[in-house]
Amino acid sequence: MDFTLPEEVEMVRRMVRDFVKDRLQPLADQVEEEDKIPDDVLQEMKELGFFGLPFPEEYGGVGVGELGYVVALEALGGANSAYGNLIGAHTGIATMSIYLGGTEEQKRKYLPELCSGEKIAAFALTEPNAGSDAAAIETTAVRKGDKYILNGNKIWITNGDIADVVIVYAVTDKSLGARGGVTAFIVEKGFPGFSVGKIDEKMGLRGSHTAELIFEDCEVPAENVLGEVGMGFLIAMKALDVGRIGLAGGAVGGAQWLLEQCIEWANQRVQFGKPIAHQQAIQWMLADMATEIHAARLMTYHAAWKLDQGQRVSREAAMVKLFASEMANRVADMAVQIHGGIGYMKEHFIERAYRDTRILRIYEGTSEIQRLVIARDLLKAGK
Ligand SMILES: Cc1cc2nc3c(=O)[nH]c(=O)nc-3n(C[C@H](O)[C@H](O)[C@H](O)COP(=O)(O)OP(=O)(O)OC[C@H]3O[C@@H](n4cnc5c(N)ncnc54)[C@H](O)[C@@H]3O)c2cc1C
1 MDFTLPEEVE
11 MVRRMVRDFV
21 KDRLQPLADQ
31 VEEEDKIPDD
41 VLQEMKELGF
51 FGLPFPEEYG
61 GVGVGELGYV
71 VALEALGGAN
81 SAYGNLIGAH
91 TGIATMSIYL
101 GGTEEQKRKY
111 LPELCSGEKI
121 AAFALTEPNA
131 GSDAAAIETT
141 AVRKGDKYIL
151 NGNKIWITNG
161 DIADVVIVYA
171 VTDKSLGARG
181 GVTAFIVEKG
191 FPGFSVGKID
201 EKMGLRGSHT
211 AELIFEDCEV
221 PAENVLGEVG
231 MGFLIAMKAL
241 DVGRIGLAGG
251 AVGGAQWLLE
261 QCIEWANQRV
271 QFGKPIAHQQ
281 AIQWMLADMA
291 TEIHAARLMT
301 YHAAWKLDQG
311 QRVSREAAMV
321 KLFASEMANR
331 VADMAVQIHG
341 GIGYMKEHFI
351 ERAYRDTRIL
361 RIYEGTSEIQ
371 RLVIARDLLK
381 AGK
């Protein structure tokens, strides 16, 4: 067994690390205050290939596979969560839906401009009455001639306000249930009847927005059915499997960065005449953090590697999403504890990290839903 990362993946890691240190970290407070990624930074990210990392070069991607993508998201951990969130929604689930479910023609049409970041994508599944129970979506799509007419509302859609292309999941035949009755559509910003509603005020993730998307007799050409009619739910679940591995990579990176900040602080903060790092209580927290991060990293790399081998990863994807997001929350909690009062202050980045980490246990399937996926798979396989 060889744990050495391929050279091209190491190169991606170095590139992202340098970019985070030189460009993103100095802008951390600005992004938090203005709730926006600066346009010039976004442009640099496009030029560096951030938007198409896992996809093959023939579609305009960087071609470093899921492992390279995961390592990049991990290396982004030292920056505001907004960047990983933007990439996670765009690449991990939205563009991924086209890559996994699209026809060859659709891939050739959409992937190059999505991989270059010229166009931004969003993944629209959640609705007011369908969160964890994604099969309960109510948005409808009815065929009329060479078009489908979409009606309904999607909520909390990451990149919803800036997306040029939205993958929208809608019911085409209620009688067939989700598997067979849900279809995915590639909706472009200018399609008649499509509009962006409320932009949400969130606990954290400033610089990354979620929005309501409204479809009022929205006209979508029939050729924009993603893949085949009735395959939408399967495409969504497959894309989420992949997205969850990337999300775990981001969780590992964020936790690693917090650990490094805690080590620095523990060595520097003096109480009772010596650095708090000399206290066993602090040392044990650092040891627990490092151990959990190591476990999550290995699980995540393994799931990414397995996916790159073309193997089924539903169970592993759920496991790494569950473990890494819960781990990151434990680490964030310990990071506040190690920092004491300063970690609770708005002026300090630990406070921001604590708020930003909380979402990991909720989106792309809550921790409870991951356990449900794992348990179902266990009971089916008998092992
Ligand atoms: C910041 C943010 C960004 C998001 N981005 C997107 C996006 O880009 N695209 C998109 O489509 N959606 C997005 N979402 C939606 C997100 O995926 C959902 O919030 C998530 O799937 C949970 O659904 P819900 O919030 O409706 O919770 P609910 O489904 O109402 O769940 C509430 C609670 O009940 C639990 N629960 C529900 N069912 C069960 C069960 N069967 N067994 C045990 N426990 C259960 C849940 O685990 C949770 O604890 C985003 C959400 C947020 C907050």
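Each residue of the sequence shown is one higher than the one before, counting from 1 in our numbering.
Glycine included, each C-beta is placed from N, C-alpha and C at the ideal position.
Return the residue from the list Val-182, Gly-343, Ala-255 and Ala-317 that minimises the CA-CA distance to Gly-232.
Within the sequence shown, numbered from 1, the residue matching residue 232 stands at position 232. If you compare the alpha carbons of Val-182, Gly-343, Ala-255 and Ala-317 with that of Gly-232, the shortest gap goes to Val-182.
Counting only runs that start and end within the region 18-90, where is the alpha helix (DSSP H) found for 4 or more residues in a row?
Restricted to the region 18-90, the alpha helix (DSSP H) segments that are unbroken, complete and at least 4 residues in length are 28-34, 39-48, 65-75 and 81-87, listed in chain order.
Taking 8 Å as the cut-off, does the region 311-331 touch the region 287-303 (at least 3 CB pairs, one atom from each stretch)?
Short answer: they touch.
Limits of the unbroken alpha helix (DSSP H) element including Ile-98
Here residue 98 refers to the residue found at position 98 of the sequence shown. For Ile-98, the uninterrupted alpha helix (DSSP H) run begins and ends at 96-101, by DSSP.
Delimiting residues of the beta strand (DSSP E) encompassing Glu-188
Here residue 188 is taken as the residue at index 188 of the sequence shown, counted from 1. Its beta strand (DSSP E) spans residues 182-188.
List the DSSP bridge partners of Pro-192.
Counting from 1 along the sequence shown, the entry for residue 192 is found at position 192. Beta-bridge partners assigned by DSSP to Pro-192: none are found.
Beta-carbon spacing of Gln-370, Ala-318 below 8 Å:
Within the sequence shown, residue 370 is the residue found at index 370, counting from 1. Within the sequence shown, residue 318 is the residue found at index 318, counting from 1. Gln-370 places its beta carbon less than 8 Å from that of Ala-318.
In the DSSP assignment, find the alpha helix (DSSP H) that holds Lys-354 and state where it starts and stops.
Taking the sequence shown and counting its residues from 1, one reaches residue 354 at position 354. Inspection of the sequence shows that residue 354 is occupied by Tyr rather than by Lys. Taken as a continuous stretch (DSSP letters only), the alpha helix (DSSP H) holding Tyr-354 covers 349-358.
Which residues share a DSSP beta bridge with Lys-274?
Reading the sequence shown from its first residue, position 274 is the one you call residue 274. Bridge partners of Lys-274: Gln-271.
If you follow the alpha helix (DSSP H) that Val-331 is part of, which residue opens it and which one closes it?
Within the sequence shown, the letter at position 331 stands for residue 331. Run containing Val-331: 314-339, per the alpha helix (DSSP H) assignment.
For Lys-107, which residues of its own chain have a beta-carbon under 8 Å away from its beta-carbon, when the five flanking residues on both sides are left out?
Here residue 107 refers to the residue found at position 107 of the sequence shown. Excluding the 5 residues flanking it on each side, Lys-107 has same chain C-beta neighbours closer than 8 Å at Tyr-59, Ile-98 and Tyr-99, in chain order.
Under 8 Å, do Ala-184 and Ala-236 count as touching if we go by C-beta distance?
Taking the first residue of the sequence shown as position 1, residue 184 is located at position 184. Taking the first residue of the sequence shown as position 1, residue 236 is located at position 236. A contact, by the Cβ cut-off of 8 Å.
Give the DSSP bridge partners of Tyr-169, in chain order.
Your numbering for residue 169 matches position 169 in the sequence shown. When DSSP reads this structure, Tyr-169 sits in a beta bridge with Ala-184.
At a cut-off of 7 Å, is Thr-126 close to ligand 1 when judged by its beta-carbon and the heavy atoms of the ligand?
As a position in the sequence shown, residue 126 is number 126, starting the count at 1. Under cutoff, so the answer is yes.
Whether or not the region 67-78 and the region 191-199 are in contact is what I'm after, with contact meaning three or more pairs of Cβ atoms, one per stretch, closer than 8 Å; do they touch?
Taking a contact to require three or more Cβ pairs closer than 8 Å, the region 191-199 and the region 67-78 do not qualify as touching.
For Ile-157, the nearest candidate out of Gly-88, Cys-218 and Phe-50 (CA to CA):
Taking the sequence shown and counting its residues from 1, one reaches residue 157 at position 157. Checking every option, the nearest Cα to that of Ile-157 belongs to Gly-88.
Below 8 Å on the Cβ atoms is my contact criterion, and I expect Val-331 with Met-299 to pass it. Report the Cβ-Cβ distance as a whole number of Å.
Here the question's residue 331 lines up with position 331 in the sequence shown. Here the question's residue 299 lines up with position 299 in the sequence shown. Actually they are not in contact, since the Cβ atoms of Val-331 and Met-299 sit about 15 Å apart, beyond 8 Å.
To the nearest angstrom, report how far apart His-90 and Leu-378 are at their CA atoms.
Taking the first residue of the sequence shown as 1, we reach residue 90 at position 90. Taking the first residue of the sequence shown as 1, we reach residue 378 at position 378. Distance between the alpha carbons of His-90 and Leu-378 is about 31 Å.
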